[in-house]
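Working notes, structure below.
2 protein chains.
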Amino acid sequence: MGKQNVHDKMDQPENSHIKRVIAVISGKGGVGKSSIATLLASELRRRRYQVGLLDADITGPSIPKLMGVSGRPPTVGAQVVPAQSASGVRVISINLLLDNEEDPIIWRGPLLAGAVKQFWAEVLWGDTDYLVVDLPPGTGDVPLTVLQSLPLDGAVIVTMPQDLSVLVVKKAVTMVKMLNVPILGLVENLAWAECPECGHRMEPFGPSKVHEAAEAMGIDVLGSFPISPQLTALGDAGKIEYFRSDALSKMVDLITEKLPV
Amino acid sequence: MGKQNVHDKMDQPENSHIKRVIAVISGKGGVGKSSIATLLASELRRRRYQVGLLDADITGPSIPKLMGVSGRPPTVGAQVVPAQSASGVRVISINLLLDNEEDPIIWRGPLLAGAVKQFWAEVLWGDTDYLVVDLPPGTGDVPLTVLQSLPLDGAVIVTMPQDLSVLVVKKAVTMVKMLNVPILGLVENLAWAECPECGHRMEPFGPSKVHEAAEAMGIDVLGSFPISPQLTALGDAGKIEYFRSDALSKMVDLITEKLPV
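Chains as they are written, first to last, in this note's numbering: chain A, 14 to 274; chain P, 14 to 274.
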């Protein structure tokens, strides 16, 4: 591309060495971006990597709930120690730092952006093979700051089978390309659901559009994920990391091939 | 509550008289907030009210696509004339003002907030019975600005049947209450889907939680809406305003009872 990013990337956090940083992005909310981020982190962990999960969705943080972590993280010197999920994924989220997790975060843009930078620089990530960053949806302040300031190795784009989502995801892809972050590929979530009564595979949000959308944008397909009541139940129980599927395994194969450690 | 909002509300736009302003809010993206906003506006229009629809979801605007409007709106003096949907809903959205609707809006918070204020003050809304405002998800800059600066008569809160969404919606409810905007009630979207093969009513995101959530937050239930392939198809075709259902009619009954014009 020949483009240069004029913004300074942040250095490695103190006492830490993070080998690969992967952002999970969607143009539109509610496509299951946070689920895909937690599944990616959990599958990487299952493969014995050291994995961190940075919840940059400051205004709608969902990672702690999905991963079953809670309680205020301790500090070591000036750094916060991430919470650990049952399988050992290191998690940091604004929800862990609030006294009441139902409190809204009514922060103005610059404060939001500052919080994400702190989640990078002032957290004791230690030796981490993969840091997965869950971005807020859209192309606003916080995704922009994350894309500009974190040394990202790649971005996973999440969408769902609606024209609308595809339209909006193109905006996110354009933003990521403008900021010179490599796009690892497109994930289609909520692509179908299996009727528990008759086994019929229905497409409640319409037919899959991932291959045509990826081709139009010149990016790879990383996989298609169904609406899964089992996944919803595991997420609601804080045990999403126990979810396994062939599609998930395949997605992580493709990502680790592109970004080996 | 005895609370006073210290922020100045904006005056009526020039040459316009807007009787009722309703915000549609969700704590989390992807619960179908924009669908509910367009359905509310369309059903009000079907009842012969003069209706405006302000797309305040600047970073993920979806209203023009759903309502089938496009093209740059003309100006009269210093004011922009809203686009009109087939049934006559007046629509304004950043997507109508972009040269290429796939361009991302990489705007910093204050610019975003300024755009929403312009969509109120510099648009020729004319005589409008109900102005429906589609907010971006979350509790960040833009929802905050809209709640603070527009003279809102009430807020509709949209959620879906996931613990996570219910958790995050509580943040939005807390924010709305803090800013002293009356809450009209809670809508549960994506509550169930009907198998097209056997008619089984499945709950892909888990069992409904709207009544217990509404009770816990001390607010009313405005209705439960299914995942509807028909609604998705109409939305993708820009014809969402033709969707009708008993649940929609009931929701609008409840809202117009609370906010008569």
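A virtual CB, placed ideally from N, CA and C, is assigned to each residue, including glycine.
*Does any residue of chain P bring its CB to less than 8 Å from the CB of residue 44 of chain A?*
Walking along the first sequence from the start, residue 44 of chain A turns up at place 31. Interface residue, yes.
*asked:* Any beta carbon of chain A sitting closer than 8 Å to that of residue 218 of chain P?
replied: Translated into the one-based positions of the second sequence, residue 218 of chain P becomes position 205. Output row for residue 218 of chain P: interface = yes.
_Helix, strand or coil at residue 62 of chain A [DSSP, three-state]_ = Along the first sequence, read from residue 1 onward, the residue named residue 62 of chain A stands at position 49. Assigned with DSSP and collapsed to three states, residue 62 of chain A falls in coil, not helix or strand.
_Beta-carbon within less than 7 Å of residue 189 of chain P's beta-carbon, same chain only, minus the 5 sequence neighbours each way: which residues are those?_
For the purposes of this step, residue 189 of chain P is identified with residue 176 of the second sequence, where counting begins at 1. Counting only Cβ-Cβ distances below 7 Å, and skipping sequence neighbours, we find 38, 160, 168 and 196.
*Simplified DSSP assignment, three categories, for residue 253 of chain A*: The sequence position of residue 253 of chain A within the first sequence is 240, counting from 1. Residue 253 of chain A falls in the helix class under three-state DSSP.
*Residue span of the alpha helix (DSSP H) that contains residue 78 of chain P, given as start and end*: The residue you call residue 78 of chain P lines up with position 65 of the second sequence. Counting along the chain, the alpha helix (DSSP H) containing residue 78 of chain P begins and ends at 76-80.
_Beta-bridge partners of residue 147 of chain A, as assigned by DSSP_ = Residue mapping note: residue 147 of chain A aligns to position 134 of the first sequence, counting from 1. Partner(s): A/37 and A/68.
*Taking residue 27 of chain A as the query, report the chain P residues whose CB atoms sit under 7 Å from its CB, ordered along the chain.*
Here residue 27 of chain A refers to the residue found at position 14 of the first sequence. By Cβ distance, chain P contributes nothing, its closest Cβ being about 29 Å from residue 27 of chain A, past 7 Å.
_Short of 9 Å Cβ to Cβ, which residues in the stretch 53-84 of chain P face chain B?_
Annotation note: the requested chain B is absent from the structure, which comprises protein chains A and P.
_Exposed unless 16 or more other CB atoms sit within 10 angstroms - verdict on residue 274 of chain P_ = Taking the first residue of the second sequence as 1, we reach residue 274 of chain P at position 261. Within 10 angstroms of the beta-carbon of residue 274 of chain P lie fewer than 16 other beta-carbons, which makes it exposed.
_Assuming residue 229 of chain P is part of the alpha helix (DSSP H), what are its boundary residues?_
For the purposes of this step, residue 229 of chain P is identified with residue 216 of the second sequence, where counting begins at 1. Per DSSP, residue 229 of chain P belongs to the alpha helix (DSSP H) from 223-230.
*Using 10 angstroms around the beta-carbon of residue 215 of chain P, count the other beta-carbons present and answer buried if the total reaches 16, otherwise exposed.*
The residue you call residue 215 of chain P lines up with position 202 of the second sequence. When all chains shown are included, residue 215 of chain P counts as buried.
*According to DSSP, what are the bridge partners of residue 236 of chain A?*
For the purposes of this step, residue 236 of chain A is taken as residue 223 along the first sequence, with counting starting at 1. Residue 236 of chain A pairs with A/200.
_What does DSSP give as the partner residue(s) for residue 97 of chain A in the beta ladder?_
Taking the first residue of the first sequence as 1, we reach residue 97 of chain A at position 84. Assignment of beta-bridge partners to residue 97 of chain A by DSSP yields A/103.
*asked:* Tell me whether the stretch 146-164 of chain P and the stretch 149-156 of chain A touch, counting them as touching only if at least three CB pairs, one residue from each stretch, are closer than 8 Å.
replied: Touching, yes, given that three or more Cβ pairs across the two stretches are closer than 8 Å.
*Endpoints, alpha helix (DSSP H) assigned at residue 91 of chain A*: If you number the first sequence from 1, residue 91 of chain A lands on position 78. Taken as a continuous stretch (DSSP letters only), residue 91 of chain A belongs to no alpha helix (DSSP H), as it is neither H nor E.
*Count the C-beta pairs between the stretch 62-81 of chain A and the stretch 122-142 of chain A that are closer than 8 Å, then say yes if the count reaches three, no if not.*
A contact exists between the stretch 62-81 of chain A and the stretch 122-142 of chain A.
*Assign residue 62 of chain P to one of two classes, buried (16 or more other C-beta atoms within 10 Å of its C-beta) or exposed (fewer than that).*
Start at 1 with the first residue of the second sequence, and residue 62 of chain P comes out as number 49. Buried is the call here.
*8 Å Cβ cutoff, residue 252 of chain P in contact with chain A*: Position 239 of the second sequence, counted from the start, is the residue given in the question as residue 252 of chain P. It does not: the Cβ of residue 252 of chain P has no partner Cβ on chain A nearer than 8 Å.
*Alpha carbon to alpha carbon, how far is residue 144 of chain P from residue 268 of chain A?*
In the second sequence, residue 144 of chain P corresponds to position 131, counting from 1. In the first sequence, residue 268 of chain A corresponds to position 255, counting from 1. Here the C-alpha atom of residue 144 of chain P lies approximately 46 Å from the C-alpha atom of residue 268 of chain A.
*Evaluate residue 225 of chain A with the Cβ neighbour count: other Cβ atoms within 10 Å of its Cβ, from every protein chain shown; 16 or more gives buried, anything less gives exposed.*
Looking up residue 225 of chain A in the first sequence gives position 212. So residue 225 of chain A counts as exposed.
*N-terminal and C-terminal residue of the alpha helix (DSSP H) that residue 159 of chain A is part of*: The residue labelled residue 159 of chain A in the question sits at position 146 within the first sequence. Per DSSP, the continuous alpha helix (DSSP H) segment holding residue 159 of chain A begins and ends at 154-162.
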